[in-house]
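>
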Amino acid sequence: MATSPNSRGALSLAATVLTATIALYMALVALGNITDFGTNQQFVRHVLAMDTTFKDEDLMWRAITSTGLQDTAYVLIIAWETVAALVLGYGSWLWARRDQARARQFSTYGLLMVMLLFGAGFIAIGGEWFSMWQSKNWNGLDAATRVFLFSGVVLIVNQLSAPRAESSATT
């Protein structure tokens, strides 16, 4: 079944707007972490130190208590957020220029970067490995899940806007 030009245009518009929304979000997150470094620095330190978890001795060996390593992890997170924002911004610009193949490519890279950070980084590593789910004060799982799911929806929309190859088989 062929996609009509009008529906393809609407999907491209949706991909443009949604990709730009995630790009803006990631840019604001990175900017906030750079200009208000200390707030989320404390978040990362508490999660990695596991100092507000149940302190189960079978899990506490995972804790990273070196502030140097904690701060290095935080700076790497900020760098990843910044690069993701730039890649998504470029993808949005390509969507606006109607360079769909390259827009889809760069948007996919940027969205996967966001999904890796929030899915693998915050949900899996922070949430499970460092038991962030046990903390009442330093638990970012709900926010990470929202961003991961929104990015996944945007990734699907980006892929839906791809032209479909016509089937040459007859039945």
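Counting from 109, one number per residue, gives the positions in the sequence shown under the working numbering. For each residue, glycine too, the CB sits at the ideal point set by N, CA and C. What you are looking at is a predicted structure, and each value in this text was computed from that prediction instead of being measured.
So, Thr-190 versus Ala-123, is the Cβ gap smaller than 9 Å?
Their beta carbons are not under 9 Å apart, which means Thr-190 does not touch Ala-123 by this criterion.
> Indicate the three-state DSSP secondary structure (helix, strand or coil) for Ala-270 in the structure shown.
Correct three-state label for Ala-270: coil.
> On a CA-only basis, which of Leu-219, Thr-253 and Ser-269 is nearest Ile-130? Give me that one, please.
Checking every option, the nearest Cα to that of Ile-130 belongs to Leu-219.
> Give every residue of the same chain whose Cβ lies closer than 8 Å to the Cβ of Thr-160, excluding the five residues on either side of it in the sequence, and list them in chain order.
Here the set comprises His-154, Gln-242, Ser-243, Lys-244, Asn-245 and Trp-246.
> Quick one: which unbroken alpha helix (DSSP H) runs of 4-plus residues sit fully inside the region 142 to 200? Chain order, please.
Runs found: 145 to 157.
> Is the region 248 to 258 close to the region 227 to 234, with three or more CB pairs under 8 Å?
Touching, per the Cβ criterion.
> DSSP three-state call for Arg-212: helix, strand or coil?
If DSSP states are grouped into helix, strand and coil, Arg-212 belongs with the helices.
> Any contact between the region 171 to 186 and the region 143 to 157? By contact I mean 3 or more CB pairs, one from each, below 8 Å.
Yes: at least three Cβ pairs fall under 8 Å.
> Please classify Ser-115 as buried or exposed, where buried requires at least 16 other C-beta atoms within 10 Å of its C-beta.
Classification of Ser-115: exposed, given that the 10 Å Cβ count is below 16.
> Hey, how far is the Cα of Ser-269 from the Cα of Phe-238?
Ser-269 and Phe-238: Cα-Cα distance of roughly 38 Å.
> Would you call Phe-162 buried or exposed, if buried means 16 or more other Cβ atoms sit within 10 Å of its Cβ?
Under this definition Phe-162 is an exposed residue.
> Can you tell me whether Ser-174 is buried or exposed, with buried defined as 16 or more other CB within 10 angstroms of its CB?
Ser-174 is exposed by the Cβ-count criterion.
> Starting from the Cα of Val-183, find the closest Cα among Ile-142, Tyr-133, Leu-194 and Leu-257 and give me that residue.
Ranking the options by Cα distance to Val-183, first place goes to Ile-142.
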